[in-house]
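Residue numbers (our numbering), protein chains in the order written: chain V, -12 to 284; chain F, -12 to 284.
Note that beta-carbon positions come from the ideal geometry of N, C-alpha and C, so glycine has one too.
2 protein chains.
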Amino acid sequence: MAKKVGVVGVGRMGANMARRLKDSGLEVTAVYDSRARAARNLAKELGCEACSTLPQVTALAEVIITVVTDDAAMDAVFSTKSKSLLTGAMGKLFINCATISPKTHVEVEKRAAKVGALTLEGCMASSITQARDGTLYLMLAGSEAAYKKALPILRKLSKSRRYIGPSGEAAKVKALVNMVMNINTAALAEGLGLGAALGLDLDMLRTVFSQTGANSRVLETDGEDMQKRDHECYFSSAHAAKDSGIALQLARQQKIKLPLATATKKQYDLMVDLGLGELDKSGVAELTFPGRGKNRR
Amino acid sequence: MAKKVGVVGVGRMGANMARRLKDSGLEVTAVYDSRARAARNLAKELGCEACSTLPQVTALAEVIITVVTDDAAMDAVFSTKSKSLLTGAMGKLFINCATISPKTHVEVEKRAAKVGALTLEGCMASSITQARDGTLYLMLAGSEAAYKKALPILRKLSKSRRYIGPSGEAAKVKALVNMVMNINTAALAEGLGLGAALGLDLDMLRTVFSQTGANSRVLETDGEDMQKRDHECYFSSAHAAKDSGIALQLARQQKIKLPLATATKKQYDLMVDLGLGELDKSGVAELTFPGRGKNRR
């Protein structure tokens, strides 16, 4: 079993996955982030190398977990045109956990194969707490060889794993999960926002929602936060905008019209435009509650 | 305890509530419907009077349950300008269960008070099966006197009751419940529809949804139906359009913009325009699955 692990992209999720892996007895040998300070701080905490180049991560680890921002960042860290994670990557395994478009996962798998490396999609449907506790829900896709090799590490990170199929397939499912989650979140913000405007007791309203056809997972995770304006970031509104965008791109390719996903993307884009992109996704309630966000009156 | 009950509006919900009340030992003395045949058939089944006029219902019953279509129908059955349920209504109690706008409930309560009758809002957040089994979820509003008098009958109809406040308040909560439910339903149709277009295994996709932030009550009640195109009507798309409309009217009055509720109303209006209004609300999937409804290709 591979024991030396590197982590590229040590934001809220990546950093906590690194902590968890160290706690569970693996050697976290290298961390990297485009924001050098974030990598340095985490390296100090974990007693490992804060790499200043990507090939250094590849050299120091057997398995490299990537949790980068978006397709562009993914393309860059797996560049074939300059030094990247692929430099000297023969025999290495990359577990790619960012929410990006399916086609980028497929492309990265191809590029890795050319240098003799394996890749696995490890799409996460959980948040920071689960990353820290090793109780993530992982949707996995890629070759059987990659999955087999990754399994011991995946077990440390997750309590629930679902192998979806070949490369790109987990990213499709993930895009759909987040698309529906984002719509349900924006829907809840509309229901509670209008309830507030009507002067209803929101504790009562949330209870009634929970007992009826209005119930949803996001009611449990975000309802009270919306009411109390507690938008500490677990999953940012900017990420919600990006992920709904991935799903809408897939829909355009399939010539399927999705008016609700479109309206939801617009709400999260508006959050970003208003400088609220780093609020948690529950912050979309700032757009629908009277006297908040742009509706201030 | 009042034992003689009349039911006005014996569609899917009203008819089953009447059956349930009879089964639980009350005397269902009178039924009425603008579609006379529906009333006759049910009267034959229950061995009661199929009234041809509204005052006849009021004369034959102590408590009258109304489950009519919309605000216009409610206004008509409680008309002050012609013979209506209010004719000879002194001392009677009306339990009004239709999903209509809050202001109509308030208006009807006023009209009833003038002739010495009580009204209670009994907004239902359940469906046909629960109506038949007496396990409805009821949101109640009105005077304490009306609530107290209604309670023995409400107990026969529901397993869960929530007193919300004065007249109009339960209808507000109900409008919000259905608004959020309708959005979540249309959201699910988008997620599963795009999943189908992408060639994903929809059993798998529904399972993943259920284990993640995409989970919702409507996933449980409507997910499989969407996949299998089983749109037998429990709650019609036409009713979904109407109820989202009630919520949007409240939002306009409060000057709150609700883009998702608006997009959802448009989807259900489109269902009606396409002649699909009598499909269950799950039928909104006809608009988002490739090769179905208007997306036929």
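4 or more residues per run - each alpha helix (DSSP H) lying fully within the region 166 to 239 of chain V: Along the length of the region 166 to 239 of chain V, whole alpha helix (DSSP H) runs at least 4 residues long occupy 189 to 197, 204 to 215, reported in chain order.
If I follow the unbroken alpha helix (DSSP H) through L257/F, where does it start and stop? To locate residue 257/F, count along the second sequence from 1; it is residue 270. Taken as a continuous stretch (DSSP letters only), the alpha helix (DSSP H) holding L257/F covers 246 to 260.
Buried or exposed, going by whether 16 or more other CB atoms sit within 10 Å of the CB of R284/F? For the purposes of this step, residue 284/F is identified with residue 297 of the second sequence, where counting begins at 1. Legend: pLDDT at R284/F = 39, less than 50; position of this residue unreliable, value from coordinates given subsequently. When all chains shown are included, R284/F counts as exposed.
Can the beta-carbon of L41/F be found less than 8 angstroms from the beta-carbon of L80/F? Taking the first residue of the second sequence as 1, we reach residue 41/F at position 54. Taking the first residue of the second sequence as 1, we reach residue 80/F at position 93. Contact flag unset, no.
Please decide whether K70/F counts as near chain V, where near means a Cβ-Cβ distance under 8 angstroms. Numbered from 1 along the second sequence, position 83 holds the residue referred to as residue 70/F. So no, K70/F is outside the interface.
Quick check: L192/V and L179/V, are their CB atoms within less than 8 angstroms of each other? Here residue 192/V refers to the residue found at position 205 of the first sequence. Here residue 179/V refers to the residue found at position 192 of the first sequence. Yes, the pair counts as a contact, with Cβ atoms nearer than the cut-off.
Within 8 angstroms (strictly less), CB to CB, does K97/V reach chain A? Chain labels in this structure do not include chain A; the protein chains are V and F.
Would you say K161/F and L237/F are within 8 angstroms of each other, going by their C-beta atoms? Taking the first residue of the second sequence as position 1, residue 161/F is located at position 174. Taking the first residue of the second sequence as position 1, residue 237/F is located at position 250. With respect to L237/F, K161/F sits apart: the two C-beta atoms are not nearer than 8 angstroms.
Answer with buried or exposed for D260/F, where buried requires no fewer than 16 other C-beta atoms within 10 angstroms of its C-beta. For the purposes of this step, residue 260/F is identified with residue 273 of the second sequence, where counting begins at 1. Exposed is the call here.
Under a three-way DSSP split, which group does A37/F fall into? Taking the second sequence and counting its residues from 1, the one referred to as residue 37/F is at position 50. Reduced to three states, the DSSP call for A37/F is strand.
Straight-line CA distance for A157/F to N165/F? The residue you call residue 157/F lines up with position 170 of the second sequence. The residue you call residue 165/F lines up with position 178 of the second sequence. Straight-line Cα distance between these residues: approximately 12 angstroms.
For the structure I just gave you, are there three or more beta carbon pairs, one from the region 255 to 275 of chain V and one from the region 216 to 226 of chain V, closer than 8 angstroms? Judged by Cβ distances under 8 angstroms, the region 255 to 275 of chain V makes contact with the region 216 to 226 of chain V, as three or more pairs qualify.
Quick check: what's the CA-CA separation for A23/V versus E273/V? Here residue 23/V is taken as the residue at index 36 of the first sequence, counted from 1. Here residue 273/V is taken as the residue at index 286 of the first sequence, counted from 1. About 33 angstroms.
Which term fits K31/F, buried or exposed, when burial requires 16 or more other beta carbons within 10 angstroms of its beta carbon? One-based indexing of the second sequence puts residue 31/F at position 44. Per the 10 Å Cβ criterion, exposed.
Could you check how far apart the C-beta atoms of L185/F and Q241/V are, in whole angstroms? I think they sit under 8 angstroms. Against the second sequence, residue 185/F aligns to sequence position 198. Against the first sequence, residue 241/V aligns to sequence position 254. Here L185/F really is in contact with Q241/V; their C-beta atoms are around 7 angstroms apart, less than 8 angstroms.
Chain-ordered chain V contacts of K253/F [CB-CB under 9 angstroms]: Counting from one through the second sequence, the residue named residue 253/F turns up at place 266. What K253/F touches in chain V: P246.
Under 9 angstroms from the C-beta of R149/F: neighbouring residues of chain V: Taking the second sequence and counting its residues from 1, the one referred to as residue 149/F is at position 162. Within 9 angstroms Cβ-Cβ: M191, T194, V195, Q198.
Provide the residue span of the beta strand (DSSP E) that contains M111/V, from first to last. The count along the first sequence starts at 1 and reaches residue 111/V at position 124. Its beta strand (DSSP E) spans residues 105 to 111.
Cβ neighbour criterion (16 or more within 10 Å) applied to R239/V: Counting from 1 along the first sequence, the entry for residue 239/V is found at position 252. By the neighbour-count criterion, in which a residue is buried when 16 or more other Cβ atoms sit within 10 angstroms of its Cβ, R239/V is exposed.
Of the residues L245/F, R27/F, Y19/F, E14/F, the one placed nearest L175/V, counting alpha carbons only: In the first sequence, residue 175/V corresponds to position 188, counting from 1. Nearest option by C-alpha distance: L245/F.
Among residues of its own chain, excluding the 5 on either side of L13/F, which ones have a beta-carbon nearer than 6 angstroms to its beta-carbon? Locating residue 13/F in the second sequence gives position 26, counting from the first residue. Apart from the 5 residues on each side of it in sequence, L13/F sits with its Cβ closer than 6 angstroms to the Cβ of K(-10), V(-8) in its chain, given in chain order.
Does the CB of N28/F have a neighbour CB from chain V at under 8 angstroms? On the second sequence, residue 28/F is found 41 positions in, with the first residue counted as 1. With 8 angstroms as the cut-off, N28/F does not count as an interface residue toward chain V.
Is there a Cβ from chain V that is less than 8 angstroms from the Cβ of K159/F? Here residue 159/F corresponds to residue number 172 of the second sequence, with the count starting at 1. Answer yes: the Cβ-Cβ gap between K159/F and chain V drops below 8 angstroms somewhere.
Using the C-alpha atoms, what's the distance from S145/V back to T74/V? Translated into positions along the first sequence, residue 74/V becomes position 87. Translated into positions along the first sequence, residue 145/V becomes position 158. In a straight line, the C-alpha of T74/V is about 29 angstroms away from that of S145/V.
Beta-carbon proximity list for A76/F, same chain, < 6 angstroms, skipping 5 on both sides: Position 89 of the second sequence, counting from 1, holds the residue named residue 76/F. Within the same chain, A76/F has close Cβ partners T45, V102, A104.
Which residues in chain V sit within 9 angstroms of T208/F, going by Cβ to Cβ distance? Position 221 of the second sequence, counted from the start, is the residue given in the question as residue 208/F. Simply G200.
Sequence ranges, beta strand (DSSP E) only - wholly within the region 73 to 99 of chain V, length at least 3: Restricted to the region 73 to 99 of chain V, the beta strand (DSSP E) segments that are unbroken, complete and at least 3 residues in length are 80 to 83, listed in chain order.
By the 10 Å Cβ neighbour count, where 16 or more other Cβ atoms means buried, how is P89/V classified, buried or exposed? On the first sequence, residue 89/V is found 102 positions in, with the first residue counted as 1. Around the beta-carbon of P89/V, 16 or more other beta-carbon atoms lie within 10 Å, marking it buried.
Interfacial residues, the region 30 to 48 of chain V to chain F, with Cβ spacing under 9 angstroms: Flagged: no residues at all.
Please return the same chain residues whose Cβ sits closer than 6 angstroms to the Cβ of N282/V, not counting the five positions on each side in sequence. The residue you call residue 282/V lines up with position 295 of the first sequence. The pLDDT assigned to N282/V is 49, lower than 50, so where the model puts this residue is not dependable; a value taken from the coordinates is nonetheless given after this. Within the same chain, N282/V has no close Cβ partners at all.
With a cut-off of 8 angstroms on the beta carbons, I'd call V(-6)/F and V18/F a contact; round off their distance for me. As a working mapping, residue -6/F is identified with position 7 in the second sequence. As a working mapping, residue 18/F is identified with position 31 in the second sequence. The distance from the Cβ of V(-6)/F to that of V18/F is about 5 angstroms, consistent with a contact at the 8 angstroms cut-off.
The beta strand (DSSP E) enclosing G152/V, as first and last residue numbers: For this step, residue 152/V is matched to residue 165 along the first sequence. 145 to 152 is the span of the beta strand (DSSP E), which, as asked, contains G152/V.
For L247/V, which residues of its own chain have a beta-carbon under 6 angstroms away from its beta-carbon, when the five flanking residues on both sides are left out? On the first sequence, residue 247/V is found 260 positions in, with the first residue counted as 1. Scanning its chain for C-beta atoms nearer than 6 angstroms, with the 5 sequence neighbours on each side dropped, one finds around L247/V the residues I170, in chain order.
Exposed or buried, S11/V, counting other C-beta atoms within 10 Å across all chains shown (16 or more means buried)? By one-based count along the first sequence, residue 11/V stands at place 24. The residue is exposed, with fewer than 16 neighbouring Cβ atoms inside 10 Å.
I want to verify the contact list: residues of chain V whose CB lies under 7 angstroms from the CB of G180/F, in sequence order. Reading the second sequence from its first residue, position 193 is the one you call residue 180/F. Per Cβ cutoff of 7 angstroms: I243.
Can a CB atom of chain F be found closer than 8 angstroms to the CB of V50/V? As a position in the first sequence, residue 50/V is number 63, starting the count at 1. Output row for V50/V: interface = no.
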